[in-house]
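Participant: Mind the numbering: the sequence shown is residues 762 to 1094 in the numbering used here, read in order. We treat Cβ as the ideally placed atom computed from N, Cα and C, and that holds for glycine. One structure coming up, written as structure tokens, with questions to follow.
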Amino acid sequence: MSLSGPAQPAPQRKRSFARIITNLWLLAALVAMTLAISQQRPQLLDPGNIATVLRSFSIMVIMVLGLTWVIASGKIDVSFMQVAALANMTCAALLQQGWGWGAAIAAAIALGLVVGLVNGGLVARMKLPPLIVTIATAGMCASAAAALGKGTVIRIADPGPLRGLLETTLFGAVPVIVLPVLGLCLLAWYAQERLAMGRYIYAMAQNEAAVVAVGVPVGRIVVLLFALSGASAALAGVLLAANLSSGQPTIGGAYLINGLTVVLLGGMMVHVGKPNILGSVTATLFLGVLFSGAALLGLPDYQRQIIQGALLLTGLAVATGAARMHAHRRKGN
762 MSLSGPAQPA PQRKRSFARI ITNLWLLAAL VAMTLAISQQ RPQLLDPGNI
812 ATVLRSFSIM VIMVLGLTWV IASGKIDVSF MQVAALANMT CAALLQQGWG
862 WGAAIAAAIA LGLVVGLVNG GLVARMKLPP LIVTIATAGM CASAAAALGK
912 GTVIRIADPG PLRGLLETTL FGAVPVIVLP VLGLCLLAWY AQERLAMGRY
962 IYAMAQNEAA VVAVGVPVGR IVVLLFALSG ASAALAGVLL AANLSSGQPT
1012 IGGAYLINGL TVVLLGGMMV HVGKPNILGS VTATLFLGVL FSGAALLGLP
1062 DYQRQIIQGA LLLTGLAVAT GAARMHAHRR KGN
């Protein structure tokens, strides 16, 4: 008598294998890339370099946390990087005027929250296109950031308690800031994958009218998502102020392509075509290792930008293709 259970049907095994590949391919690519680069440049795995990568990873993850949900809902926010720049300059300017770190941080994050609420209100209540709205607010935030420092950098004499989180490391390689960031990501993942709001976010991207028809307060959710995007970007700006010991009005420009790349690239795993927290976290680390490795290999900036542009286009193509396939299946039903 055989004690083994019934064999799993071949189609089911194939589907399970395909699901694993879909969920983990970017993580596997990250490991493979790390091993390949470290074979050529062992410095990639030096504790100091790992700490630098993880420090940048933590700030970037915070910056795109809210953006991930906005794009997952079918909207777009291109003001996040300038909100970070404005919060960065606001924090530095208030510290220069004698404010304490606690008050400066609270004011900077509150300012980002206000910008997010304005974005969400204009999109949800006035039905304005989110791309146009956030382009406009990005421009205003960039101008306000420049005005705070009269176009120059504001130096911070005392980097405050946040510098300790950024500089103190565990085992010489893991900055302490990584721990609260991963905890925040875990909460965001749980909300998106296990709570009703997460299902509403995904459903809004597929058919917002149907979500409205069943009584879901879509307008309030849109305002909330943009508010979270503004607040998380502002928090990243504050962390940048502590990390750089300065407020820099032009700091936001470098984060636009980076932010969109990690969100869209992360949307190619777990839920193909749907930006998600786990994907954004993995893609952020992937991009950090890629850039660090490219620098160690001596690749010029233009080659790194070409690689990043290719990743962005790939993520956009996969997201668009997945949306079209879903629409086709819906029509077929």
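On the DSSP bridge list, what partners appear for PRO936?
Facilitator: Position 175 of the sequence shown holds residue 936. Its beta-bridge partners are THR930.
Participant: Of the residues PHE932, GLN801, ARG916 and GLY980, which one's Cα is nearest the Cα of ALA885?
Facilitator: Mapped onto the sequence shown, residue 885 falls at position 124. Answer by Cα proximity: GLY980.
Participant: Within this structure, are the beta carbons of VAL1023 and SER1007 separated by less than 8 Å?
Facilitator: Your numbering for residue 1023 matches position 262 in the sequence shown. Your numbering for residue 1007 matches position 246 in the sequence shown. Taking 8 Å as the Cβ cut-off, VAL1023 and SER1007 do not qualify as a contacting pair.
Participant: How would you call TYR1063, buried or exposed, if buried means at least 16 neighbouring beta carbons within 10 angstroms?
Facilitator: By one-based count along the sequence shown, residue 1063 stands at place 302. Classification of TYR1063: exposed, given that the 10 Å Cβ count is below 16.
Participant: CB SER990 to CB LEU878, shorter than 8 Å?
Facilitator: Counting from 1 along the sequence shown, the entry for residue 990 is found at position 229. Counting from 1 along the sequence shown, the entry for residue 878 is found at position 117. Contact flag unset, no.
Participant: What would DSSP say about SER799, mapped onto helix, strand or coil?
Facilitator: Against the sequence shown, residue 799 aligns to sequence position 38. DSSP places SER799 in helix when its eight states are reduced to three.
Participant: Whole alpha helix (DSSP H) runs in the region 967-1021 with 4 or more residues, listed along the chain?
Facilitator: If only complete runs of 4 or more residues are kept, the region 967-1021 shows the alpha helix (DSSP H) at 979-1005, in order along the chain.
Participant: Report buried or exposed for GLY959, applying the criterion of at least 16 other Cβ atoms within 10 angstroms of its Cβ.
Facilitator: Translated into the one-based positions of the sequence shown, residue 959 becomes position 198. Buried is the call here.
Participant: Beta carbon of ILE823, beta carbon of LEU931: below 8 Å?
Facilitator: Looking up residue 823 in the sequence shown gives position 62. Looking up residue 931 in the sequence shown gives position 170. For ILE823 and LEU931, no; Cβs fall outside 8 Å.
Participant: Just to confirm my understanding: we take LEU1073, look at its own chain, exclude 5 residues before and 5 after, and list those with CB closer than 7 Å. What are they?
Facilitator: On the sequence shown, residue 1073 is found 312 positions in, with the first residue counted as 1. Once the five neighbours on either side are set aside, the close Cβ partners of LEU1073 are ILE1018, LEU1021, THR1022 and LEU1025.
Participant: Can you look up ILE915 in the DSSP assignment and give me helix, strand or coil?
Facilitator: The residue given as residue 915 occupies position 154 in the sequence shown. DSSP places ILE915 in strand when its eight states are reduced to three.
Participant: Measure the alpha-carbon distance for ALA833 versus GLU954 and round it to whole angstroms.
Facilitator: Reading the sequence shown from its first residue, position 72 is the one you call residue 833. Reading the sequence shown from its first residue, position 193 is the one you call residue 954. ALA833 and GLU954: Cα-Cα distance of roughly 12 Å.
Participant: Give the range of the alpha helix (DSSP H) segment to which VAL822 is assigned.
Facilitator: Position 61 of the sequence shown holds residue 822. Taken as a continuous stretch (DSSP letters only), the alpha helix (DSSP H) holding VAL822 covers 808-833.
Participant: How would you call TRP862, buried or exposed, if buried means at least 16 neighbouring beta carbons within 10 angstroms?
Facilitator: On the sequence shown, position 101 is the one that residue 862 refers to. That one is buried.
Participant: Helix, strand or coil, according to DSSP, for VAL1023 in the structure here?
Facilitator: One-based indexing of the sequence shown puts residue 1023 at position 262. In this structure, VAL1023 counts as helix in the three-state DSSP scheme.
Participant: What's the call for ASP1096, buried or exposed, on a 16-neighbour Cβ count within 10 Å?
Facilitator: Residue 1096 lies beyond the range of the chain shown here (762 to 1094); nothing can be said about it.
Participant: According to the neighbour-count rule (16 or more other Cβ atoms, all chains shown, within 10 Å of its Cβ), is MET887 buried or exposed?
Facilitator: Start at 1 with the first residue of the sequence shown, and residue 887 comes out as number 126. MET887 comes out exposed.
Participant: Going by C-alpha distance, which of GLU928, THR1011, ALA871 and GLY1014 is nearest ASN810?
Facilitator: Along the sequence shown, read from residue 1 onward, the residue named residue 810 stands at position 49. Closest by alpha carbon: GLU928.
Participant: Where ILE938 and LEU926 are concerned, what is the direct C-alpha to C-alpha distance, given to the nearest angstrom?
Facilitator: For the purposes of this step, residue 938 is taken as residue 177 along the sequence shown, with counting starting at 1. For the purposes of this step, residue 926 is taken as residue 165 along the sequence shown, with counting starting at 1. Looking at the two C-alpha atoms, the distance is approximately 5 Å.
Participant: Are three or more beta carbon pairs between the region 959-978 and the region 840-856 nearer than 8 Å?
Facilitator: no
Participant: Given a cut-off of 8 Å, decide if GLY1013 and PRO897 are closer than it, judged by their beta-carbon atoms.
Facilitator: Walking along the sequence shown from the start, residue 897 turns up at place 136. Walking along the sequence shown from the start, residue 1013 turns up at place 252. Note that residue 897 is Ala in the sequence shown here, rather than Pro. Contact: no.
Participant: Measure the alpha-carbon distance for ALA1078 versus PRO941 and round it to whole angstroms.
Facilitator: Position 317 of the sequence shown holds residue 1078. Position 180 of the sequence shown holds residue 941. ALA1078 and PRO941: Cα-Cα distance of roughly 33 Å.
Participant: Quick check: what's the CA-CA separation for LEU1156 versus PRO936?
Facilitator: Residue 1156 lies beyond the residue range present for the chain, which begins at 762 and ends at 1094; the question has no answer from this structure.
Participant: Count the other CB atoms, across all protein chains shown, that sit within 10 Å of the CB of GLY766; report buried if there are 16 or more and exposed otherwise.
Facilitator: As a first step, residue 766 must be located in the sequence shown, where it is residue number 5. Its pLDDT being 49, under 50, GLY766 is placed unreliably in this model, and the value from its coordinates should be taken loosely. Classification of GLY766: exposed, given that the 10 Å Cβ count is below 16.
Participant: With distances taken from CA atoms, which of ALA905, GLY1034, ILE982 and CYS946 is nearest GLY1076?
Facilitator: Here residue 1076 refers to the residue found at position 315 when the sequence shown is read from its first residue. That would be GLY1034, whose Cα lies nearest to the Cα of GLY1076.
Participant: ALA864: which of CYS852, VAL875, LEU874 and GLY873 sits nearest, CA to CA?
Facilitator: By 1-based counting over the sequence shown, the position of residue 864 is 103. That would be CYS852, whose Cα lies nearest to the Cα of ALA864.
Participant: Please classify GLY1070: is it buried, with 16 or more other beta-carbons within 10 angstroms of its beta-carbon, or exposed?
Facilitator: As a working mapping, residue 1070 is identified with position 309 in the sequence shown. Result: exposed.
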